[in-house]
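Residue numbers for the sequence shown follow this note's numbering, so the first one is 11 and each next one is one higher. All residues carry an ideal CB built from backbone N, CA and C; glycine is no exception. In what follows, a structure is listed as structure tokens, so that the remarks can point back to it.
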Amino acid sequence: MVIFVLLITNMKKIALCILGFTILQSCNNDDSNGTRVYIEGKLITSLPTNEIGLNITSNQRIVAETSLNPNQSFVLSGPNLGGDISLVSNQKIQSFTTEKTGLKLSKDSLSILIPASISYLKFNEIKLKQ
């Protein structure tokens, strides 16, 4: 009987350890490298600011969303999940200017493709198609 009680007590400890480990693993997020993407800038458009939405995608997942400030500026920040990064707009982009190189406008003109090596980016201006 004593052996049976000791066996059950040890099994409970093992079960609690497994449960604790499982909980800790489930708390792990996709931001495994700990880096973040920070993008800011100013849009040039005649559209009302409340009609324009922007987001950052990393590894084809939305990691940050915002709308324009009344002065048509924006700031976005989110985790870098690896792979290329995109600044996505719900309105077509005509052109953009920034100090960084290697950025491209997507074929559908709805996003700016940003190399994964860039973690901070300031756009001097992003001009939207009217």
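Checklist entry - At which residues does the beta strand (DSSP E) containing LEU123 begin and terminate? => result Under the DSSP assignment, LEU123 falls in the beta strand (DSSP E) whose first and last residues are 121 to 124.
Next on the checklist: Does the contact criterion of 3 or more C-beta pairs under 8 Å hold for the segment 117 to 128 versus the segment 91 to 107?
Outcome noted: Contact between the segment 117 to 128 and the segment 91 to 107 is established, with three or more Cβ pairs separated by less than 8 Å.
Checklist entry - Using DSSP with H/G/I as helix, E/B as strand and the rest coil, what is THR76? => result Secondary structure at THR76: strand, using DSSP grouped into helix, strand and coil.
Item to check | Sequence-distant residues of the same chain with beta carbon closer than 8 Å to THR59, five excluded per side | outcome: The residues are SER77, LEU78, ASN79, PRO80 and GLN82.
Checklist entry - Going by other Cβ atoms of all chains shown within 10 Å of its Cβ, with 16 needed for buried, is ASN90 buried or exposed? => result Taking all protein chains shown into account, ASN90 has 16 or more neighbouring C-beta atoms within 10 Å of its C-beta and is therefore buried.
Next on the checklist: In the DSSP output, which residue or residues are listed as bridge partners for PRO89?
Outcome noted: In DSSP, PRO89 forms a bridge with ARG46.
Checklist entry - How about SER129 and ARG46: do their beta carbons lie closer than 8 Å? => result Judged by beta-carbon spacing, ARG46 lies within the 8 Å limit of SER129, meaning their Cβ atoms are closer than that value.
Checklist entry - What is the rounded straight-line gap between the Cα of SER42 and the Cα of GLY93? => result Unreliable placement is indicated for SER42, whose pLDDT of 49 sits below 50; the coordinate value is still reported in the next sentence. Computed Cα separation, rounded: 13 Å.
Item to check | Nearest-angstrom beta carbon gap, LEU53 and ILE136 [assumed within contact, 8 Å] | outcome: At roughly 5 Å, the Cβ-Cβ gap stays under 8 Å, so ILE136 and LEU53 are in contact.
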